[in-house]
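Chains as they are written, first to last, in this note's numbering: chain A, 98 to 374; chain B, 11 to 296.
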C-alpha cells in the first residue's frame, strides 16, 4: 500500500519539477526573442504623412529597458492611434551585432556607449546618438538583508557568496571599475554571463549578493533587497538612443525617440530607477 | 560501415575479379541520385563549419592564445570533470540499465522515459531543475546544507553533477540496448550452475556487454565534455573552479572572437583525438 503510494508520488514530483523549470526558462527567454517580431515593419512604412503617424515602429533596446520601454510603447500607441511599437529586448552587444548584420529596426537604445559605437562605426546610425538615461550599480541582497551588507567592502567577506557579471558584459565591467576605484579585491563565486543571470542567482537564494543595476533591483520587486553604495558613482552607464539609417518608418521613429526624451518619458524611466542624463 | 576499407578492398578485388567485384561496382553505380544528392548535402552541412573553423583560425597568434594559463586551466577542468561525470554515470548507470533491461516491474516504461528525459531536455532547463533540487535552497540541497554543510552550486563537484545529469542517459540507453541484445540464456545457464544473480551479472553479463558499456561511456564522456547550459546555470562560471572549455568559448566570443576560435580548435582537437584513439574499439564494437 505504502509502496504504491511512494511509487506514484515520485514521478509526480519529478513532473512538477520539470514544469517549474520550463516556466522559469520561458520567462527568461521571452526577453531576447527577437527574430519573430522584427519582420513586420517594412510592409507598413509611410513617410508621406508627417503629422499623421501610422504603421509599425521597431525598437531594439537593452534588456534593462524592458519594463519602462514596454510602458512607453503603450503610451505611444495610445497617443498615436494606428501605430504599433514592437520591441526586441536583449543584450546590447548582441542587438548591436544583429543591427550591423542587417536586422530591420528603426530605433536602437543600448546600455553603453561602447555597444552603441558598434552600430555608429558601421555607419548604420542616422545622426548622433543621444544619452537619454543613466544607470547606476546597486548591491542586490536576499530579502531582509540577513547578512547585513551595508557597503561594497562588506561583499569581500569570505563567508559571503557573491556573484558578479562577467567582465565582458557592461555590468561586469562597471562593477570592476567600482571595485578598482575603491581598491577592493573581491573574489566572487561566479562570473555570470549577463546581469539577469546574476540577479537570478540571488532571487533563487543560491548567492548571498550580486552587483547589478539599480533598475534590475527595482524590477525584481521584493524578491531581492537593494543596497546602494557610494562607489557606484564611479561606474555609471550612459544609455544612448539613435534612429537607424535603414529605418522604414522614420517619422514614427523620430516621434518615439522624442517621447523617450520628453518629460513624460523621463518620468517613466526615473520611476523604474534610471537616473536622468 | 567503413568506406575507406571497402574502397581499398575494391581495388584489390578488381585485380582478382570474382563475385565481390560485381558487388562493389553495383555499390558505386547503383546509388540513386535522390539519395546521393541529399547525402552529399548532409556531408557538406556537417563538415563545412569545421573547415570554416580551421580557415578562420588565427594561426599566427594561436601559440600565444593557447599557452595562456586560463586556457589550460579550463581544458584541465573540462577533462577532469567529464571523466568524473563518466565515472559517476558508470557506477550508477550500468546497474540502472540492468534494472531496466532485466527486471519486470510495473511502471518500467514510465521509469525509462523519466530516466532518459535529460536526453531531450534543454540543458538549461536541466540546470534550473538541478538548482531546484540540489541548490542551497533546493528540496534536497537544503538538507545537504544543514546536515553536512555541503552546497553544490558554484563548486567543481557541481560541474560534475551537472555533466553527469546530462550525460548519464546516453550511457544508460547504450548499455540497456546492449543488454537487450545479449542473450539472457547465458545468465540462466550460469544460474543453473549455481551462480547467484549478482555473480552471473559480474562474471557473465558484464564481460558480454563490455563493448556496449565502452561505447556508452565514450558517448557520455563526449557529451559531458561539451556540456554548457546545465553547467553555467547550476555551477556558475569561475576560472579554475567551474569554468570549463565551452563556458570559456562562449564568454570569449562576446569580447574576443579570435580567442573563442582558438579555444574551439582545442576542443575540436580533443574530440578528434578521442575518436581516433577509440576508433578500433569503436568500430569492432559497433
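Yeah, the Cβ is synthetic: ideal placement off N, Cα and C, and Gly gets one too.
Note that the coordinates shown come from a computational prediction; the quantities given were computed from them, not determined experimentally.
Could you tell me if residue i is buried or exposed, where buried requires 16 or more neighbouring beta carbons within 10 angstroms of its beta carbon?
i, result
"residue 340 of chain A", "buried"
"residue 221 of chain A", "buried"
"residue 50 of chain A", "In the structure as shown, chain A starts at 98 and stops at 374, and residue 50 of chain A therefore has no counterpart that could be examined."
"residue 267 of chain B", "exposed"
"residue 122 of chain B", "buried"
"residue 203 of chain B", "exposed"
"residue 285 of chain A", "buried"
"residue 243 of chain A", "exposed"
"residue 281 of chain B", "exposed"
"residue 258 of chain A", "buried"
"residue 206 of chain B", "exposed"
"residue 111 of chain B", "buried"
"residue 271 of chain B", "buried"
"residue 127 of chain A", "Note that residue 127 of chain A scores a pLDDT of 39, beneath 50, so its modelled location is shaky; the value from the coordinates is reported in the next line. Residue 127 of chain A is exposed by the Cβ-count criterion."
"residue 61 of chain B", "exposed"
"residue 157 of chain B", "exposed"
"residue 40 of chain B", "exposed"
"residue 220 of chain B", "exposed"
"residue 149 of chain B", "exposed"
"residue 48 of chain B", "exposed"
Assuming residue i contacts residue j under a Cβ cut-off of 8 Å, what Cβ separation, rounded to an integer in Å, is found between them?
i, j, result
"residue 197 of chain A", "residue 215 of chain A", "6 Å"
"residue 295 of chain A", "residue 260 of chain A", "5 Å"
"residue 279 of chain B", "residue 237 of chain B", "No, residue 279 of chain B and residue 237 of chain B are not in contact; Cβ-Cβ is about 18 Å, not under 8 Å."
"residue 301 of chain A", "residue 247 of chain B", "At roughly 16 Å, the Cβ-Cβ gap does not stay under 8 Å, so residue 301 of chain A and residue 247 of chain B are not in contact."
"residue 252 of chain B", "residue 164 of chain B", "6 Å"
"residue 282 of chain A", "residue 253 of chain A", "7 Å"
"residue 172 of chain B", "residue 137 of chain B", "6 Å"
"residue 181 of chain B", "residue 108 of chain B", "Not really, about 12 Å apart at Cβ, beyond 8 Å."
"residue 114 of chain B", "residue 249 of chain B", "So it is not a contact: roughly 50 Å between Cβ atoms."
"residue 76 of chain B", "residue 276 of chain B", "7 Å"
"residue 246 of chain A", "residue 306 of chain A", "6 Å"
"residue 338 of chain A", "residue 204 of chain A", "7 Å"
If we ignore side chains and look at the alpha-carbon of each, how far apart do residue i and residue j end up?
i, j, result
"residue 59 of chain B", "residue 133 of chain B", "23 Å"
"residue 328 of chain A", "residue 286 of chain B", "54 Å"
"residue 159 of chain B", "residue 46 of chain B", "60 Å"
"residue 119 of chain A", "residue 74 of chain B", "Reliability fails at residue 119 of chain A, whose pLDDT of 46 lies under 50, so the model's placement of it is uncertain and no value is given."
"residue 176 of chain A", "residue 192 of chain A", "27 Å"
"residue 331 of chain A", "residue 232 of chain A", "12 Å"
"residue 277 of chain A", "residue 128 of chain B", "42 Å"
"residue 83 of chain B", "residue 288 of chain A", "16 Å"
"residue 371 of chain A", "residue 315 of chain A", "10 Å"
"residue 263 of chain B", "residue 156 of chain A", "25 Å"
"residue 275 of chain A", "residue 161 of chain A", "20 Å"
"residue 274 of chain B", "residue 139 of chain B", "28 Å"
"residue 361 of chain A", "residue 53 of chain B", "57 Å"
"residue 196 of chain B", "residue 218 of chain B", "9 Å"
"residue 213 of chain A", "residue 206 of chain A", "8 Å"
"residue 178 of chain A", "residue 336 of chain A", "28 Å"
"residue 267 of chain A", "residue 189 of chain A", "9 Å"
"residue 172 of chain A", "residue 357 of chain A", "11 Å"
Let's see if you can read the secondary structure: which residues bound the alpha helix (DSSP H) around residue i?
i, result
"residue 85 of chain B", "79–112"
"residue 122 of chain B", "118–125"
"residue 185 of chain B", "166–191"
"residue 223 of chain B", "216–235"
"residue 376 of chain A", "Lying before the first or after the last residue shown, residue 376 of chain A is absent from chain A, which here runs from 98 to 374."
"residue 207 of chain B", "207–210"
"residue 6 of chain B", "Nothing about residue 6 of chain B can be read from this structure; chain B reaches only from 11 to 296."
"residue 357 of chain A", "347–358"
"residue 299 of chain A", "292–300"
Check for me: the beta strand (DSSP E) holding residue i runs from which residue to which?
i, result
"residue 181 of chain A", "180–187"
"residue 341 of chain A", "334–341"
"residue 209 of chain A", "No beta strand (DSSP E) contains residue 209 of chain A, which DSSP labels as neither H nor E."
"residue 149 of chain B", "Careful: residue 149 of chain B lies outside any beta strand (DSSP E) and carries neither H nor E."
"residue 230 of chain A", "222–232"
"residue 157 of chain A", "152–159"
"residue 322 of chain A", "322–324"
"residue 286 of chain B", "Here residue 286 of chain B belongs to no beta strand (DSSP E); instead the alpha helix (DSSP H) covers 267–287."
"residue 260 of chain A", "259–262"
Please confirm if residue i has its CB atom under 8 Å from at least one CB of chain C.
i, result
"residue 301 of chain A", "Considering every chain present, this structure includes no chain C. Its protein chains are A and B."
| message | For the stretch 149–166 of chain B, list every residue whose C-beta sits within 7 Å of some C-beta in chain A, in sequence order. | response | 163 and 164
| said: Taking beta-carbon pairs under 8 Å, can you tell me which members of the stretch 167–197 of chain B lie near chain A? | reply: none
| request: Using a Cβ-Cβ cut-off of less than 9 Å, give me the residues of the stretch 236–267 of chain A that come near chain B, in sequence order. | output: 258, 260, 263, 264, 265 and 266
| field | the stretch 266–293 of chain A: positions lying closer than 8 Å to chain B by Cβ | value | 266, 285, 286, 287, 288, 289 and 290
| task | Output, in sequence order along the chain, the residues in the stretch 199–226 of chain A whose CB is closer than 8 Å to any CB in chain B. | result | none
| According to a CB-to-CB cut-off of less than 7 Å, which residues of the stretch 227–245 of chain B neighbour chain A? | 242
| Which of the residues in the stretch 208–229 of chain B, read from start to end, lie with their CB under 7 Å from any CB of chain A? | none
| said: Beta carbons nearer than 9 Å to chain A: which residues of the stretch 96–107 of chain B have them? | reply: none
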